[in-house]
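Taking it in order: structure first as structure tokens, then the write-up.
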Amino acid sequence: MATIKIKGMSCNHCVMAVTKALNEVEGIQNVKVDLAKGEAAFDEKKPIGMDLVRERIKKAGYEVV
Ligand SMILES: [Cu+2]
């Protein structure tokens with residue numbers, strides 16, 4: 509399981525948006541976003557390009573730190 513830090517999440521809506529963005533990345537599954545910690549964890553079904561993850565999170569309005 510991979511864990512990334514995400515900046516900019518402030519409420520449950522943000523959690524949903526980040527969860528959705530991650531779920532849309534091919535190969536990512538079991539997404540769990542922790543609002544209090546500002547973290548997202550997920551399983552990688554296959555190697556994931558972190559640049560792609562970064563880009564998708566950014567598109568959703570947040571930032572991987
Ligand atoms: Cu929010």
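Residue numbers for the sequence shown follow the working numbering, so the first one is 509 and each next one is one higher.
Virtual Cβ for every residue (Gly too), placed ideally from N, Cα, C.
When N531, K540, D551, A544 are compared against R564, the one with the closest alpha-carbon: N531
Three-state secondary structure assigned by DSSP to E552: strand
Span separating the alpha-carbon of M517 from that of G535: 23 Å
Pocket of ligand 1 (residues with CB nearer than 6 Å to any heavy atom), chain order: S518, C519, H521, C522
Proximal residues to M509 (C-beta, below 6 Å), its chain only, five neighbours per side dropped: A549, D551
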